[in-house]
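Student: Numbering (this note's numbering), first residue to last: 1 to 118.
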């Protein structure tokens, strides 16, 4: 499985950006697609993820502003980021985890930079 992320860039505070991440290859039916971010000098943290069954999870800091969605036919996950804040500035990484029976297999995209100016 390989992941190709796109859609990063610059925005002003209050603006919006949309990230996309397409997974090539087959995914097992049990899978989770999501986004993490890492700001300079900080650890990589979960932003949002969405399981194959539709369950979503968001970081508290983005609830109400970011929306994750996925197109299962295209193995693609999206992150709509609205009302951006300077503290959203980070490198955003998509991640896919899947399993059949047994352990999870994790895959990471290359990262895309999001810069929000005040």
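For glycine and all other residues, C-beta sits at the position ideal for the given N, C-alpha and C.
Does any heavy atom of the ligand ADP sit closer than 8 Å to the C-beta of residue 13?
Tutor: Because no ligand of any kind appears in the structure shown, any question about the ligand ADP cannot be addressed here.
Student: Go through its chain and collect everything with a Cβ distance to residue 115's Cβ below 7 Å, but skip five positions before and after it.
Tutor: The residue labelled residue 115 in the question sits at position 115 within the chain shown. Taken in chain order, the residues that qualify are 10 and 89.
Student: Starting from the Cα of residue 102, find the closest Cα among 30, 71, 24 and 8 and give me that residue.
Tutor: By one-based count along the chain shown, residue 102 stands at place 102. Answer by Cα proximity: 30.
Student: What does the Cβ neighbour count give for residue 16, buried or exposed, with the cut at 16 atoms within 10 Å?
Tutor: Counting from one through the chain shown, the residue named residue 16 turns up at place 16. Result: exposed.
Student: State buried or exposed for residue 34, treating a residue as buried only when at least 16 other CB atoms are found within 10 Å of its CB.
Tutor: Position 34 of the chain shown holds residue 34. The residue is buried, with at least 16 neighbouring Cβ atoms inside 10 Å.
Student: Terminal residues of the continuous beta strand (DSSP E) containing residue 17?
Tutor: For the purposes of this step, residue 17 is taken as the residue at position 17 of the chain shown. Here the beta strand (DSSP E) through residue 17 covers 17-24.
Student: Residues in the same chain with beta-carbon distance under 6 Å from residue 4, minus the five sequence neighbours each way, listed in chain order, please.
Tutor: By 1-based counting over the chain shown, the position of residue 4 is 4. 22, listed in sequence order.
Student: In angstroms with no decimal places, state the Cα-to-Cα distance between residue 92 and residue 57.
Tutor: Indexing the chain shown from 1 puts residue 92 at position 92. Indexing the chain shown from 1 puts residue 57 at position 57. C-alpha separation (whole angstroms): 16 Å.
Student: Helix, strand or coil: how does DSSP classify residue 62 here?
Tutor: On the chain shown, position 62 is the one that residue 62 refers to. Note: residue 62 maps to helix in three-state DSSP.
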